[in-house]
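Enquirer: For reference, the structure I am asking about is given below.
Numbering (UniProt numbering), first residue to last: 1 to 146.
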């Protein structure tokens with residue numbers, strides 16, 4: 001019996017792009033990088049209600065949540081309806097060495113930026129190397145071979 005390798009892909013595509021009023025956001029794309037002594041997380045949240053964006057830290061877990069409200073378009077006949085609405089949520093485990101009291105966030109133009117600073121203990125630092133004692137000078141004497 002032959003199977004169609006594209007049938008699963010087609011079903012997945014139909015599920016992702018299906019129309020209806022109960023479609024929820026599928027993902028929150030984000031980037032995370034380290035710059036000097038802090039991490040910067042940027043997440044795309046286009047069209048979310050700015051007042052719904054919430055960033056919290058609890059027991060080493062960073063939680064980002066936001067909500068995009070559905071449009072109240074009664075009587076509209078949609079030709080294409082691909083934009084998701086509903087709640088977004090993403091959680092990240094913070095490792096050791098994060099200063100969770102100084103985490104800050106901004107939301108501008110549909111992009112959430114979270115700055116995650118390293119704690120003082122986790123920052124790279126220069127270690128002074130102590131020398132084991134004073135250097136002793138060696139005196140030389142000249143012997144007259146004459």
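For every residue, glycine included, the Cβ atom is placed at its ideal position computed from N, Cα and C.
A quick note: this is a predicted structure, and the numbers were derived from the prediction, not measured.
Can you tell me where the beta strand (DSSP E) holding residue 161 begins and where it ends?
Expert: The chain is shown from 1 up to 146; residue 161 falls before or after that span and cannot be answered.
Enquirer: Exposed or buried, which one is residue 21 when buried takes at least 16 other CB atoms within 10 Å?
Expert: With a pLDDT of 44 at residue 21, under the threshold of 50, the modelled position of this residue cannot be trusted, and the question is left open.
Enquirer: Would you report the Cα separation of residue 52 and residue 64, rounded to the nearest angstrom?
Expert: For residue 52 and residue 64, the distance between alpha carbons rounds to 10 Å.
Enquirer: Can you list the alpha helix (DSSP H) stretches of 4 or more residues lying completely in the UniProt domain "SHSP" (21-132), in chain order?
Expert: DSSP runs (the alpha helix (DSSP H)) wholly in the UniProt domain "SHSP" (21-132): none.
Enquirer: How should residue 158 be labelled, buried or exposed, when 16 other C-beta atoms within 10 angstroms of its C-beta is the threshold for buried?
Expert: Lying before the first or after the last residue shown, residue 158 is absent from the chain, which here runs from 1 to 146.
Enquirer: Taking the beta carbon of residue 130 as the centre, do at least 16 other beta carbons fall within 10 Å, making it buried, or is it exposed?
Expert: Exposed is the call here.
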